[in-house]
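Peer 1: Sharing a structure with you now.
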Amino acid sequence: MKEKELNKIKEYKYGFSTDIETIKAPKGLNEEVIKFISKTKKEPKWLLEWRLKAYKRLKILKEPNWQKPKYPKIDYQSLYYYSAPKSFTEKPKSLDDLDPKLLETYKKLGIPLQEQQRLNGIAVDAVFDSVSVATTFKDKLTEKGIIFCSISEAVQKHPNLVKKYLGSVIPITDHYFATLNSAVFTDGSFVYIPKGVRCPMELSTYFRINASQTGQFERTLIIADEGSYVSYLEGCTAPMRDENQLHAANVELIALDDAEIKYSTVQNWYPGDENGKGGIYNFVTKRGACRGKNSKISWTQVETGSAITWKYPSCILQGDNSVGEFYSIAITNNYQKADTGTKMIHLGKNTKSKIISKGISAGNADNTYRGLVDISGKAINARNYTQCDSLLIGNKCGAHTIPYIKNKNPNANIEHEATTSKISEEQLYYCNQRGLNQEEAVSLIVNGFCKEVLQQLPMEFAVEAQKLVGISLEGSVG
Amino acid sequence: MLKINNLKAKIDNKLILNGLNLNIKSGEIHAIMGPNGSGKSTLANVLSGKKGYKISGSVLYEDKDLFKLDIEERAQKGLFLAFQYPLEIPGVNTSNFLKTSLNAIRKSNGKKQLDALEFLKVVKSKAAALKIDEKILNRQLNVGFSGGEKKKNEILQMSLHEPKMAILDETDSGLDIDALKIVADGVNTLRDKKRSFLIITHYQRLLDYIKPDFVHVLMKGKIAKTGCSELANELEKVGYENI
Numbered sequence: 046m047k048e049k050e051l052n053k054i055k056e057y058k059y060g061f062s063t064d065i066e067t068i069k070a071p072k073g074l075n076e077e078v079i080k081f082i083s084k085t086k087k088e089p090k091w092l093l094e095w096r097l098k099a100y101k102r103l104k105i106l107k108e109p110n111w112q113k114p115k116y117p118k119i120d121y122q123s124l125y126y127y128s129a130p131k132s133f134t135e136k137p138k139s140l141d142d143l144d145p146k147l148l149e150t151y152k153k154l155g156i157p158l159q160e161q162q163r164l165n166g167i168a169v170d171a172v173f174d175s176v177s178v179a180t181t182f183k184d185k186l187t188e189k190g191i192i193f194c195s196i197s198e199a200v201q202k203h204p205n206l207v208k209k210y211l212g213s214v215i216p217i218t219d220h221y222f223a224t225l226n227s228a229v230f231t232d233g234s235f236v237y238i239p240k241g242v243r244c245p246m247e248l249s250t251y252f253r254i255n256a257s258q259t260g261q262f263e264r265t266l267i268i269a270d271e272g273s274y275v276s277y278l279e280g281c282t283a284p285m286r287d288e289n290q291l292h293a294a295n296v297e298l299i300a301l302d303d304a305e306i307k308y309s310t311v312q313n314w315y316p317g318d319e320n321g322k323g324g325i326y327n328f329v330t331k332r333g334a335c336r337g338k339n340s341k342i343s344w345t346q347v348e349t350g351s352a353i354t355w356k357y358p359s360c361i362l363q364g365d366n367s368v369g370e371f372y373s374i375a376i377t378n379n380y381q382k383a384d385t386g387t388k389m390i391h392l393g394k395n396t397k398s399k400i401i402s403k404g405i406s407a408g409n410a411d412n413t414y415r416g417l418v419d420i421s422g423k424a425i426n427a428r429n430y431t432q433c434d435s436l437l438i439g440n441k442c443g444a445h446t447i448p449y450i451k452n453k454n455p456n457a458n459i460e461h462e463a464t465t466s467k468i469s470e471e472q473l474y475y476c477n478q479r480g481l482n483q484e485e486a487v488s489l490i491v492n493g494f495c496k497e498v499l500q501q502l503p504m505e506f507a508v509e510a511q512k513l514v515g516i517s518l519e520g521s522v523g
Numbered sequence: 387m388l389k390i391n392n393l394k395a396k397i398d399n400k401l402i403l404n405g406l407n408l409n410i411k412s413g414e415i416h417a418i419m420g421p422n423g424s425g426k427s428t429l430a431n432v433l434s435g436k437k438g439y440k441i442s443g444s445v446l447y448e449d450k451d452l453f454k455l456d457i458e459e460r461a462q463k464g465l466f467l468a469f470q471y472p473l474e475i476p477g478v479n480t481s482n483f484l485k486t487s488l489n490a491i492r493k494s495n496g497k498k499q500l501d502a503l504e505f506l507k508v509v510k511s512k513a514a515a516l517k518i519d520e521k522i523l524n525r526q527l528n529v530g531f532s533g534g535e536k537k538k539n540e541i542l543q544m545s546l547h548e549p550k551m552a553i554l555d556e557t558d559s560g561l562d563i564d565a566l567k568i569v570a571d572g573v574n575t576l577r578d579k580k581r582s583f584l585i586i587t588h589y590q591r592l593l594d595y596i597k598p599d600f601v602h603v604l605m606k607g608k609i610a611k612t613g614c615s616e617l618a619n620e621l622e623k624v625g626y627e628n629i
């Protein structure tokens, strides 16, 4: 392929930044900054106290360091913890009042917010740095009693729900990054699906980091009441910058009796350049509680971006007969690193979990699957199936599988399968001989490798994800 | 179609092809026979563009320098190699692979891409014509295929691509008589004035079903003898030693 063309496609498509006036909290992390955030968001007293309690806890916590990808020490005092477009001092009442620069930004990202151009069948909440800028299809959802709004709005309008569930899956005492998030979280999405309602469309949040030297700490809370169903998707991008930016989100899911939540992520934060400079540190805590009987939570993640991805979307299977699933594709190229997997905590009877993980490593990248299957003494007849496959492209990358299994139950059924393979020169030669160039060949082979996971994605996103899988590996061979 | 002039190829400093000359015109079928290690597969690899060889000499394909083209460009310009050992690609559906590959070739030739339905229609009729069980289309590419199924899959791809120059690298090896007939059918159906074949084989058996215009004996990296199809019979009787 011609060099120019190659450079063009290798470029990170979402790497532009939006020049927009912002209001920032003063630099650094302290009580004043937390009070500033809480005040700016006009939060009730209980939430400020909750944040401060988390901050107090944070001061005695240490950053974990057991993970495989190491990173330089983060100077938490040199970060901004809140950044919002200036026009958001008063939140715009409608899209007509929204800064055109923001509309333009989302249009460029392929997420049009305007009524006439909206994505079909998908309601979007758009989060820009620390604030939610718009939520589409609100009226249609309200008809069914579904609440889909920014978490800031939920704090104002549905305080009882927020108070009841916030921190009920990830307590403020959890671990360093989760606690940091509890102290300084800015915005994110809130979803409540009432009893017996099947959400008629995909709900989606699009996260965009724009400002430099700013961390993004969003908080998402999804509650599926008895017998309800929701499918939710998040997408993420960030401008190309030389510095590493911290993204430490918390996501909590709660499924009550007979409810089902399907949560999909297509993560495409800026991965850094081909020499490993810049990129997002994606240190995220995602946890779902299958609180009710027969409930189900299914995580699907396609992780292609970020300099370091470090996350374990987990399920706490409390309700009897509840089901947890984790489908993951983690792609690392150049100097990217990933340490990701899941935790399946079996507490209820007849609980089932399934883990399908596909790790793909190219260039100088390093990819670790780390997972925990924990079966308690009460989880009679618990079952787990785990399959971890790794695919290597080239000779300088690494793949590791670290499955932890804790079983206190003699009648549990646990299966684990793992494979590691490499795309061979011969396979590429064969594809080339059939008219496919290197990029097409790699994309085809990798998509085949990931198929079981891609099939889990909502249809509208599966095609995009397939393309993304190909693009993230461009330049990895030949 | 293909003019090979004084072709030499080395791998790991070992000379495999040592001044090979061959001229294949449009519409001709050439068979190359030869003992193990005489350079038959190397010739197929070098022509298709496989990396790792040190090459001198020249090959003109449709009067243009073949060595200036990448592997996929050669394929897109109608050069097809049926592999001796077709590769397994786990997870990749055979039908999807065949479609992606055919569309890549069509695209490079400025032809319209076939959508899933159009492709299915084409591939099913080709498979039926060759008496190949279409069930292989729903399986992972070559994964768990028997030797015969792999070779049939190669012939199916050849008939889809309708190449100008097809090279068959010991496609007949290890096949039972029914599979052998499918391979021969594949070639005979495509045989026409504009299309050429280079058939590499160990045995004369395949040539009972495909009548080549020329038979060459490859020895120590060179064409040692050229004849018409009777040469194959003679070889079968006296062996390579006595040529």
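Sequence order for the protein chains is A and B. Going by the working numbering, the first sequence runs without a break in its numbering and finishes at 523. Going by the working numbering, the second sequence runs without a break in its numbering and finishes at 629. The beta-carbon is built from N, C-alpha and C at its ideal position, and this holds for glycine as well. These numbers come from a predicted model, not from an experiment.
Check this for me: beta carbons of A:SER398 and A:CYS360, under 8 Å apart or not?
Peer 2: Position 353 of the first sequence holds residue 398 of chain A. Position 315 of the first sequence holds residue 360 of chain A. Yes.
Peer 1: How long is the line joining the alpha carbons of A:LYS356 and A:ALA410, rounded to whole angstroms?
Peer 2: Counting from 1 along the first sequence, the entry for residue 356 of chain A is found at position 311. Counting from 1 along the first sequence, the entry for residue 410 of chain A is found at position 365. One C-alpha to the other measures close to 17 Å.
Peer 1: Under the rule that 16 or more other beta-carbon atoms within 10 Å means buried, what is A:CYS433, buried or exposed?
Peer 2: Here residue 433 of chain A is taken as the residue at index 388 of the first sequence, counted from 1. Answer is buried; the Cβ neighbour count reaches 16.
Peer 1: In whole angstroms, what separates the C-alpha of B:GLY530 from that of B:ILE441?
Peer 2: Within the second sequence, residue 530 of chain B is the residue found at index 144, counting from 1. Within the second sequence, residue 441 of chain B is the residue found at index 55, counting from 1. Roughly 35 Å separates the two Cα atoms.
Peer 1: Cα separation between B:LEU581 and A:GLN381?
Peer 2: As a first step, residue 581 of chain B must be located in the second sequence, where it is residue number 195. As a first step, residue 381 of chain A must be located in the first sequence, where it is residue number 336. Residue 581 of chain B is actually Arg in this sequence, not Leu. Roughly 49 Å separates the two Cα atoms.
Peer 1: By Cβ distance below 6 Å, which residues in the same chain neighbour B:GLY607 in space, the five residues on each side in sequence not counted?
Peer 2: Residue mapping note: residue 607 of chain B aligns to position 221 of the second sequence, counting from 1. Cβ contact annotation for B:GLY607 (same chain, cutoff 6 Å, sequence separation greater than five): ILE402, LEU403, ASN404 and GLY425, in chain order.
Peer 1: Between the C-alpha atoms of A:LEU266 and B:VAL478, what's the straight-line distance to the nearest angstrom?
Peer 2: Residue 266 of chain A sits at position 221 when you count from the first residue of the first sequence. Residue 478 of chain B sits at position 92 when you count from the first residue of the second sequence. Cα to Cα, the separation comes out at about 37 Å.
Peer 1: Determine whether the beta carbon atoms of A:ALA510 and A:LEU502 lie at a separation below 8 Å.
Peer 2: Reading the first sequence from its first residue, position 465 is the one you call residue 510 of chain A. Reading the first sequence from its first residue, position 457 is the one you call residue 502 of chain A. Cβ atoms of A:ALA510 and A:LEU502: closer than 8 Å.
Peer 1: Using beta carbons (cut-off 8 Å, strictly below), is A:LYS49 in contact with chain B?
Peer 2: For the purposes of this step, residue 49 of chain A is taken as residue 4 along the first sequence, with counting starting at 1. Confidence is the limiting factor: at A:LYS49 the pLDDT is only 40, short of 50, which leaves the residue's position unreliable, though a coordinate-based value still follows. Output row for A:LYS49: interface = no.
Peer 1: Let me confirm a value: A:THR231 is counted as buried when at least 16 other C-beta atoms fall within 10 Å, else exposed. Which label applies?
Peer 2: Your numbering for residue 231 of chain A matches position 186 in the first sequence. It is buried - the Cβ of A:THR231 has at least 16 other Cβ atoms within 10 Å.
Peer 1: Which one or two residues does DSSP pair with A:SER359 in a beta bridge?
Peer 2: Against the first sequence, residue 359 of chain A aligns to sequence position 314. Per DSSP, A:ARG332.
Peer 1: Tell me the DSSP secondary structure of A:TRP111 in three-state form.
Peer 2: As a working note, residue 111 of chain A is residue 66 in the first sequence. The answer is coil: DSSP assigns A:TRP111 none of H, G, I, E or B.
Peer 1: Once you ignore the five residues that flank A:GLY386 on each side, which residues in its own chain have a CB closer than 7 Å to its CB?
Peer 2: As a working note, residue 386 of chain A is residue 341 in the first sequence. If we look at A:GLY386 and ignore the five residues flanking it on each side, its Cβ neighbours are TYR357, SER402, TYR414, ARG415 and GLY416.
Peer 1: Alpha carbon to alpha carbon, what distance is there between A:ALA407 and A:ASN378?
Peer 2: The sequence position of residue 378 of chain A within the first sequence is 333, counting from 1. The sequence position of residue 407 of chain A within the first sequence is 362, counting from 1. Near 5 Å, if we compare the C-alpha coordinates of A:ALA407 and A:ASN378.
Peer 1: Taking the beta strand (DSSP E) that A:GLN201 belongs to, which residues open and close that run?
Peer 2: Translated into the one-based positions of the first sequence, residue 201 of chain A becomes position 156. First-last for A:GLN201: 196-202, but that is the alpha helix (DSSP H), not the beta strand (DSSP E).
Peer 1: At a CB distance below 9 Å, what residues from the segment 461-479 of chain B approach chain A? Give them in sequence order.
Peer 2: ALA461, GLN462, LEU465, PHE466, LEU467, PHE469, TYR471, PRO472, LEU473, GLU474, ILE475, PRO476, GLY477, VAL478 and ASN479
Peer 1: For A:ILE54, which residues from the same chain have a beta carbon less than 6 Å from its beta carbon, with the 5 sequence-adjacent residues on both sides left out?
Peer 2: Along the first sequence, read from residue 1 onward, the residue named residue 54 of chain A stands at position 9. Any reading at A:ILE54 must be qualified, since the residue scores a pLDDT of 40, below 50, and its modelled position is unreliable; no value is offered.
Peer 1: Check whether the Cβ of A:ASN395 lies closer than 7 Å to any heavy atom of the ligand GTP, and answer yes or no.
Peer 2: Annotation note on the ligand GTP: not contained in the displayed structure, which lists no ligands.
Peer 1: Listing by chain order, which chain A residues have their CB less than 7 Å from the CB of B:LYS450?
Peer 2: Position 64 of the second sequence, counted from the first residue, corresponds to residue 450 of chain B. None at all; the shortest Cβ gap to chain A is about 18 Å.
Peer 1: Tell me which residues share the same chain as B:PHE469 and place their Cβ nearer than 7 Å to its Cβ, disregarding the 5 neighbours each side in the sequence.
Peer 2: Against the second sequence, residue 469 of chain B aligns to sequence position 83. Around B:PHE469: GLU540 and ASP555.
Peer 1: Between A:GLY493 and chain B, is there a C-beta pair that is closer than 8 Å?
Peer 2: Within the first sequence, the letter at position 448 stands for residue 493 of chain A. With 8 Å as the cut-off, A:GLY493 counts as an interface residue toward chain B.
Peer 1: What's the C-alpha gap between A:PRO245 and A:HIS461?
Peer 2: On the first sequence, residue 245 of chain A is found 200 positions in, with the first residue counted as 1. On the first sequence, residue 461 of chain A is found 416 positions in, with the first residue counted as 1. Cα to Cα, the separation comes out at about 36 Å.
Peer 1: Can you look up A:TYR380 in the DSSP assignment and give me helix, strand or coil?
Peer 2: The count along the first sequence starts at 1 and reaches residue 380 of chain A at position 335. In the structure shown, A:TYR380 sits in coil (DSSP, three-state: anything other than H, G, I, E or B).
Peer 1: Contact check, B:GLY613 vs B:VAL601 under 8 Å by CB: the rounded distance?
Peer 2: As a position in the second sequence, residue 613 of chain B is number 227, starting the count at 1. As a position in the second sequence, residue 601 of chain B is number 215, starting the count at 1. Right, the Cβ-Cβ distance comes to about 5 Å (below 8 Å), so this counts as a contact.
Peer 1: Enumerate in chain order the residues of its own chain whose CB-to-CB distance from A:GLY404 is below 6 Å, with the five nearest sequence positions on each side excluded.
Peer 2: Along the first sequence, read from residue 1 onward, the residue named residue 404 of chain A stands at position 359. Excluding positions up to five away in sequence, the list reads ALA375, ASN412, TYR414, SER435 and ALA444.
Peer 1: State whether the segment 442-453 of chain B contacts the segment 495-512 of chain B, with contact taken as three or more CB pairs (one from each stretch) at a distance under 8 Å.
Peer 2: At 8 Å Cβ cutoff, the stretches do not touch.
Peer 1: Is it true that the CB of A:THR345 sits closer than 8 Å to the CB of A:ASN295?
Peer 2: If you number the first sequence from 1, residue 295 of chain A lands on position 250. If you number the first sequence from 1, residue 345 of chain A lands on position 300. No, these two residues do not count as a Cβ contact at 8 Å.
Peer 1: State the DSSP-derived secondary structure class of A:SER517, mapped to helix, strand or coil.
Peer 2: Along the first sequence, read from residue 1 onward, the residue named residue 517 of chain A stands at position 472. Residue state, collapsed to three classes: helix.
Peer 1: Could you list the residues in the segment 542-571 of chain B with a C-beta less than 9 Å from some C-beta on chain A, going in chain order?
Peer 2: GLN543 and HIS547
Peer 1: Check whether the segment 333-340 of chain A and the segment 363-371 of chain A touch, using three or more Cβ-Cβ pairs below 8 Å as the test.
Peer 2: yes
Peer 1: Can you give me the Cβ contacts of B:ALA395 inside the same chain, cut-off strictly under 6 Å, excluding the 5 residues immediately before and after it?
Peer 2: In the second sequence, the residue the question calls residue 395 of chain B occupies position 9. Counting only Cβ-Cβ distances below 6 Å, and skipping sequence neighbours, we find ILE402, LEU403, THR428, VAL432, TYR439 and ILE441.
Peer 1: Take A:ILE65 as the anchor and find which of A:GLU271, A:LYS86, A:SER128 and A:ASP419 has the nearest alpha-carbon.
Peer 2: Start at 1 with the first residue of the first sequence, and residue 65 of chain A comes out as number 20. Comparing Cα positions, the closest option is A:SER128.
Peer 1: For the beta strand (DSSP E) containing A:PRO448, name the first residue and the last one.
Peer 2: Start at 1 with the first residue of the first sequence, and residue 448 of chain A comes out as number 403. 443-452 is the extent of the beta strand (DSSP E) around A:PRO448.
Peer 1: Considering just the uninterrupted stretch of the alpha helix (DSSP H) at B:GLY572, what are its terminal residues?
Peer 2: Here residue 572 of chain B refers to the residue found at position 186 of the second sequence. Unbroken alpha helix (DSSP H) run through B:GLY572: 563-576.
Peer 1: With distances taken Cα to Cα, identify the nearest neighbour of A:PRO130 among A:THR446, A:PRO204, A:LEU103 and A:PHE173.
Peer 2: Residue numbering aside, residue 130 of chain A sits at position 85 when the first sequence is read from its first letter. Nearest C-alpha to A:PRO130: A:PHE173.
Peer 1: Give me the Cα-Cα distance between B:ALA430 and B:LEU467, rounded to the nearest whole angstrom.
Peer 2: Position 44 of the second sequence, counted from the first residue, corresponds to residue 430 of chain B. Position 81 of the second sequence, counted from the first residue, corresponds to residue 467 of chain B. Each residue's alpha carbon lies about 7 Å from the other.
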